[in-house]
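J.: Sharing a structure below in C-alpha cells format, with a few things to ask.
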Amino acid sequence: MPDGDPAQKNTSHLLIFKRRRDSGQDEMLPDYHIHTIMCKHAEGKTADYRAVAAKRGIPQICFTDHIPSPDGYDADYRMDLSQFDVYRSMVTELQDDKSPEVLFGIEADYYQGCETFLREWLPAQHFDLILGSVHYIENWGFDNPADRHVWDSVDVTATWRKYFELVAELADSGLFDAAGHLDLPKKFGHRPSDKALREMAEPALDRIAETGMGIELNTSGLRKPVGEIYPSPILVSLAFDRGIPICFGSDSHRPEDIGRDFDLALELAREAGYTHYFRISQGRKRLVPLPETLQATHQQPL
Ligand SMILES: [Zn+2]
Ligand SMILES: [Zn+2]
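Heads up: the sequence shown begins at 298 in this note's numbering, then just goes up one per residue.
This is how it looks when you write it as C-alpha cells:
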C-alpha cells in the first residue's frame, strides 16, 4: 500500500470501501430472528429461507423459533418438547461451508414461572443466540390478534408498565443474549405518552445494559397495524445512551421476508448514533461496523 493512503490507517474502512466499489452496495446485515414451520404458523423449509438470504447477500442467518414449554404455556404457537430434535436437525443440516452461515437459536418467552425450566434446559442446547421475548401479561397474549379486543378494556399505560416490569425481570434472569421486539405492546397502535414510555423503559434498559444483553431491531412491526420497527426511535436512542449492542431481525414467518426492510432498520440505528452491531456465536458477541447504506428490500431479489 503506498504511503499516505488514508485507507492504510483503518483496515475495516478499506474493506468496506472495497466491497462497495465491487458491488455498488455494502454487505447486507445478518438476520437473527427467523421462525420455521415448527411454530405452527410459519411456512417454507429452512433451506428456502437460506436460499432467499443467499440471493439477498445476507452473510449470516439465525433461526430462532419459539421455545417449547413443558407447562403448556401458549401451546398453539410452538413445538412440543418432543419435537425439539426435529427443529435442531432442520437448522443444523444447513450448517456447512456455504453462505450464508446458519446459526442455531431460539426465541424464549419470558413469563412468571418460566425460569426453573429455562435455567436447566437452555444451557444444555448450546444455542448461538437466545432471544428473550415477552408475549404475555399474566394470561393475556397481548400481541395475539385473537385477544386484541382485551386492549379496549385495560388501562394502556398501566399495561405497558407491567410489560416493562417483565422485561426488567427477563434481563435480571441473565438467561438471554438479547431482548426481542422491545416495545411489542404497540403492535395494534396502543401506546403510552412519550414521557411515560421513557419513565417505564429506562429502568428496564438499565438492567439490560447491566447484564450485557443486546436488543434486536425487529422489522416485523412495519408489517403490523402499528407500521413501525420495534423498538421506536426513542427506545433505540435510550439503548444507545446505555451502550446496549444491537442486532437485526425480520421475525420472518415466510422465506420472502428474510432481511426485509433492513435498510430502514439501518437508518434507525444510525440516527440513534450506532456505528456497530453485534454478531454472535455460542452466546459470545463481537461488534462489527454497520454498513453505510443498504439497498431497499423491494429492490432485492427473492
Ligand atoms: Zn416474538
Ligand atoms: Zn418471533
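The beta-carbon is built from N, C-alpha and C at its ideal position, and this holds for glycine as well.
Following a CB-centred definition, is E525 positioned closer than 7 Å to any heavy atom of ligand 1?
T.: No, the Cβ of E525 stays beyond 7 Å of every heavy atom of ligand 1.
J.: For A593, name the three-state secondary structure that DSSP assigns.
T.: If DSSP states are grouped into helix, strand and coil, A593 belongs with coil.
J.: Rounded to the nearest angstrom, what separates R576 and C544 at their Cα positions?
T.: R576 and C544: Cα-Cα distance of roughly 7 Å.
J.: What is the rounded straight-line gap between the Cα of P586 and the Cα of Y571?
T.: So the two alpha carbons sit approximately 9 Å from each other.
J.: Within a Cβ cutoff of 7 Å, which residues of the same chain sit near R318, ignoring the five residues on either side of it in sequence?
T.: Because the pLDDT at R318 is just 40, under 50, the model does not fix this residue reliably, and the value given afterwards should be weighed accordingly. So no residue of the chain qualifies.
J.: Quick one: complete alpha helix (DSSP H) runs, 4+ long, within the segment 401–446?
T.: For the segment 401–446, whole alpha helix (DSSP H) runs of length 4 or above, ordered along the chain, are 412–422.
J.: Flag D452 as yes when its Cβ comes closer than 7 Å to any non-hydrogen atom of ligand 2, and as no otherwise.
T.: No - ligand 2 has no heavy atom lying nearer than 7 Å to the Cβ of D452.
J.: Going by beta-carbon coordinates alone, are P552 and G341 separated by less than 8 Å?
T.: Contact: yes.
J.: Whose C-beta lies closer than 7 Å to the C-beta of G540 among residues of the same chain, with five residues either side of it excluded?
T.: Excluding sequence neighbours, G540 sits near A506.
J.: I'd like to check one pair, T343 with L400: are the Cβ atoms closer than 8 Å?
T.: Against a cut-off of 8 Å, the Cβ pair of T343 and L400 comes out as no contact.
J.: Using only the alpha-carbon positions, how far apart do N515 and D474 sit?
T.: Answer to the nearest angstrom: the Cα atoms are 15 Å apart.
J.: Would you report the Cα separation of T333 and R504, rounded to the nearest angstrom?
T.: Going by the C-alpha atoms only, they are around 31 Å apart.
J.: Using a Cβ-based criterion (distance less than 7 Å to any ligand heavy atom), does E435 qualify as near ligand 2?
T.: Incorrect: E435 has no Cβ contact closer than 7 Å to ligand 2.
J.: Can you tell me which residues form a DSSP beta bridge with I555?
T.: The partner list for I555 (beta bridge, DSSP) is empty, contrary to what the question assumes.
J.: Which same chain residues end up closer than 6 Å to L584 when comparing Cβ atoms and leaving out the 5 residues on each side of it in sequence?
T.: Around L584: H573, F575.
J.: At a threshold of 7 Å, does D548 count as lining ligand 2 (C-beta to nearest heavy atom)?
T.: Under cutoff, so the answer is yes.
J.: Here's the rule I'm using: 16 or more other beta-carbon atoms within 10 Å means buried, otherwise exposed. How should V431 be labelled?
T.: V431 should be labelled buried.
J.: Quick check on the burial criterion: 16 or more other C-beta atoms within 10 angstroms. Buried or exposed for G354?
T.: Buried, because 16 or more other Cβ atoms sit within 10 Å of the Cβ of G354.
J.: Nearest-angstrom Cα distance between K492 and D425?
T.: Rounded to whole angstroms, K492 to D425 spans 36 Å at the Cα level.
J.: Contact between the segment 375–387 and the segment 445–455: three or more CB pairs below 8 Å?
T.: No: the two stretches stay apart, fewer than three of their Cβ pairs being nearer than 8 Å.
J.: Going by the CB atoms, is the gap between Y460 and I427 shorter than 8 Å?
T.: Not a contact, by the Cβ cut-off of 8 Å.
J.: Could you give the DSSP three-state label for P365: helix, strand or coil?
T.: In this structure, P365 counts as coil in the three-state DSSP scheme.
J.: With DSSP collapsed to three states, give me the class of F575.
T.: Looking at F575 - three-state DSSP - the assignment turns out to be strand.
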